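In full-length UniProt numbering, the protein residues as written are 1 to 276.
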């Protein structure tokens, strides 16, 4: 399904670990490696970016060689920007290369829907129109040896899928269905955010449970293990709580990693997949 993947990289140890997990994504055949040199501000050498560009070319070549040895077709892109920003450049390259997925790390202090992300990844998720897999640094940094080896194969071992039963969320669920051979367990989450009386709220909860059961039956029929959950309150707050609960209860030893599949309610946008 995700045959062609865009991987933005800054060549850090963190970015290396993201790259190393690409081979565990189902169906990937081609990888576009992207490095963006931000020349919108002066560097330590002033406005000269020549040495940085040359170093980036060498680093891109090294990463490309490693991935090609794993059997992937690899293309490299080096973009030097003097205006706009990194996230917009990532989106532009994704469009030009017509990739089916963007895979990048989440590092920094930006915040989107209550979840901390890096500035570039925040921009791609918020404004991009491509499916995006965000790998959260708390799950990656510091993982070495046997512990790290366990992480990559469990990228989709447990998936929290938030839904509002819209067309956008149906598309998100369709993606999960298509990934059935790689997904261990799916948790379908809906948040009731309306109702003036307790009776009304209970009615909406019952309706949501019924709809979730219908979706569950379809996914179970496709061979997936599925649980459903309905919350009441502000969708952003409740989903964030669900995410944090899942993070607190994951365990590397028990292979219960958690992926959070979220979608943008803008009909022109595709789903954004955040992995922690």
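A virtual CB, placed ideally from N, CA and C, is assigned to each residue, including glycine.
These numbers come from a predicted model, not from an experiment.
Burial state of residue i (16 or more Cβ within 10 Å)
i, result
"residue 95", "exposed"
"residue 202", "exposed"
"residue 189", "buried"
"residue 104", "buried"
"residue 158", "buried"
"residue 1", "exposed"
"residue 179", "buried"
"residue 58", "exposed"
"residue 166", "exposed"
"residue 92", "exposed"
"residue 41", "exposed"
"residue 55", "exposed"
"residue 51", "exposed"
"residue 198", "exposed"
"residue 67", "buried"
"residue 12", "exposed"
"residue 214", "exposed"
"residue 84", "exposed"
"residue 206", "exposed"
"residue 130", "buried"
Per-residue DSSP class, three states only, for residue i
i, result
"residue 75", "strand"
"residue 232", "strand"
"residue 225", "strand"
"residue 220", "helix"
"residue 84", "coil"
"residue 3", "coil"
"residue 57", "helix"
"residue 15", "helix"
"residue 51", "helix"
"residue 256", "Confidence in residue 256 is poor, its pLDDT being 42 and thus under 50, which makes the residue's placement unreliable; the coordinate value appears in the next sentence. Residue 256: coil per DSSP, three-state reduction."
"residue 242", "helix"
"residue 70", "coil"
"residue 64", "helix"
"residue 94", "helix"
"residue 40", "coil"
"residue 129", "coil"
"residue 23", "helix"
Test item: CB-CB of residue i and residue j under 8 Å
i, j, result
"residue 191", "residue 221", "no"
"residue 79", "residue 37", "yes"
"residue 154", "residue 18", "no"
"residue 228", "residue 244", "no"
"residue 224", "residue 186", "yes"
"residue 39", "residue 82", "yes"
"residue 278", "residue 3", "One cannot answer for residue 278 here, as it falls past the ends of the chain, which runs 1 to 276."
"residue 219", "residue 230", "no"
"residue 6", "residue 32", "yes"
"residue 156", "residue 172", "no"
"residue 23", "residue 70", "yes"
"residue 239", "residue 162", "yes"
"residue 160", "residue 246", "yes"
Beta-bridge partners of residue i, as assigned by DSSP
i, result
"residue 34", "8, 77"
Cβ-heavy atom distance, residue i to the ligand GTP, below 7 Å
i, result
"residue 32", "Judged by which ligands are present, the structure shown has none, so any question about the ligand GTP falls away."
> Unbroken alpha helix (DSSP H) runs of length 4 or more, entirely within the stretch 143-212: which are they?
Replying inline: 145-151, 167-178
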